[in-house]
Amino acid sequence: MNNAQASHLSSADYGYDFVVATTQQGINATMKRFMATLDAPLISRCYKPDPDPDPARRGAKIEVSHDEIMKTAKTDPFDIPDGTPLHEVRDKLNNYQFVEGWRARIGIDKSAIPTMGNIVERTTSMETVQFNMYCKEFQVAGWVWGAEPWDDSIWLNVSQPKTAPWKITRRVNLTQQTVDWKAQGDNVPHDAVKALQNLDKESPESVFTVEPLLLDLTRTELTATRPTLDSLEQNTALYTMLMETFLGP
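Using the numbering used here, you'd call the opening residue of the sequence shown number 113 and step up by one each time.
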C-alpha cells in the first residue's frame, strides 16, 4: 500500500474523514529511534545447582540474585576473564556453586543501526508479526565443563559485539486497544498528540480516537512460535547456555 488512497478504508462506504497509513520501513525507523534512546535497567539472572537431594532433580539449576553472589562469594562472575582455567577461580566461586548467568540491557547502540535488520517484520498472517529483540548490552558467563569437570573446565565470559548485537526472534500476536489520547497522552507518541490537538481545534465537533496496533509480548501462551537466537553459532556452549536460561523452556 503506497498511500491512504490505496486502502479500502478510504471508501465512502466507511464514512472515515481521515485514513492514516504506515509502512514497515516507517515502523522500524520509529522503533530504532525509540530503542536507541531507551534508558532501560541492566537485568541479570544467575544460576546455581539445585540443592534438592531428589535424584529426579539431579542436574537442575535454581535462580539466585547477582547481589547474593557478590555478597557471599565476594567475586563478580561477570568480571572473570574468558578462558580462565577452573582452578584459578574455583576457590572463590565453588563455595557458592555458581554455574552460569547472563545480564542484558534492552535497547540498541546507535552505532549498530546502519547494519542491523528490522525490529518488526510482517508475516503472511494479519494477526502476527516477527519481532526481533535487540539488547544494548548482553553478557554471558559460566562454566564450560571439560571431559574431566574439575580438571578441564574453563570459564566462559562473552559479550555481544557492539555493532553486531545478538538477535532474539519470536513471532508474536498483534492486539488493538483504544487509547484516550487526552487522558493517556503518555501512551501516544508526542508528535501524534500534537497532530490530534490541531485536528481537535479545527473540528471540535468531531471525535478522534487512537487505536494503536501493539505487539502482545505479555501473553506468552499466545505466541505462535518459540523464540530463536540468531547471530550465534548453534551447538556451542554459549548458544546452549542462552537457550537454557535466557529463552527458557
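Cβ coordinates follow ideal geometry from the N, Cα and C atoms, glycine included.
Where does the unbroken beta strand (DSSP E) through residue 240 begin, and where does it stop?
240-256
Use the C-beta contact count for residue 209: other C-beta atoms within 10 angstroms, 16 or more gives buried, fewer gives exposed.
exposed
Going by alpha carbons, who is nearest to residue 211 out of 227, 176, 136?
176
Can you give me the Cβ contacts of residue 336 inside the same chain, cut-off strictly under 6 Å, excluding the 5 residues immediately before and after it?
Here the model assigns residue 336 a pLDDT of 47, short of 50, so the residue's position is not dependable, and the following value carries that caveat. Cβ neighbours of residue 336 beyond the five flanking positions: 240, 283.
Could you please give the first and the last residue of the uninterrupted alpha helix (DSSP H) stretch that includes residue 354?
349-357
Excluding the 5 residues preceding and the 5 following residue 232 in the sequence, name in chain order all residues of the same chain whose CB lies nearer than 8 Å to its CB.
136, 139, 140, 143, 241, 242, 243, 244, 327
In chain order, which continuous runs of the beta strand (DSSP E) of length 3 or greater are located wholly inside the segment 166-210?
173-176
Could you name the residues that DSSP lists as bridge partners for residue 216?
155, 250
Rank 346, 190, 152, 287 by C-alpha distance to the C-alpha of residue 271 and give the top, closest one.
190
Determine the direct distance from the alpha carbon of residue 125 to that of residue 247, and round the result to whole angstroms.
45 Å
How is the alpha helix (DSSP H) around residue 314 delimited, first residue to last?
302-314
With a 10 Å radius around its C-beta and 16 neighbouring C-beta atoms as the bar for buried, classify residue 169 as buried or exposed.
exposed
Residues bridged to residue 279 by DSSP?
246, 342
CB of residue 172 within 7 Å of CB of residue 188, strictly:
no
Starting from the C-beta of residue 156, find all residues in its chain whose C-beta is less than 6 Å away, skip the five residues before and the five after it, and write them out in chain order.
178, 215
If I'm right that residue 308 touches residue 265 with Cβ under 8 Å, what's the distance once you round it to whole angstroms?
The pair is not a contact, with the Cβ atoms about 60 Å apart (cut-off 8 Å).
Work out the CA separation of residue 236 and residue 193 for me, nearest whole Å.
45 Å
Excluding the 5 residues preceding and the 5 following residue 333 in the sequence, name in chain order all residues of the same chain whose CB lies nearer than 7 Å to its CB.
Confidence at residue 333 is low in this model, with a pLDDT of 42, below 50, so its placement is unreliable and no value can be given for it.
Kindly list the residues whose CB is nearer than 6 Å to the CB of residue 196, restricted to its own chain and excluding five residues on each side of it in sequence; keep chain order.
267
Alpha-carbon to alpha-carbon, residue 358 and residue 279
12 Å
To the nearest angstrom, report how far apart residue 116 and residue 218 are at their CA atoms.
Its pLDDT being 46, under 50, residue 116 is placed unreliably in this model, and the coordinates cannot settle the point.
By Cβ distance, which residues of its chain are closer than 8 Å to residue 154, with the 5 residues on each side in sequence left out?
215, 216, 217, 249
Do residue 287 and residue 342 have their C-beta atoms closer together than 7 Å?
no
Residue range of the alpha helix (DSSP H) that includes residue 225
Here residue 225 belongs to no alpha helix (DSSP H), and DSSP marks it neither H nor E.
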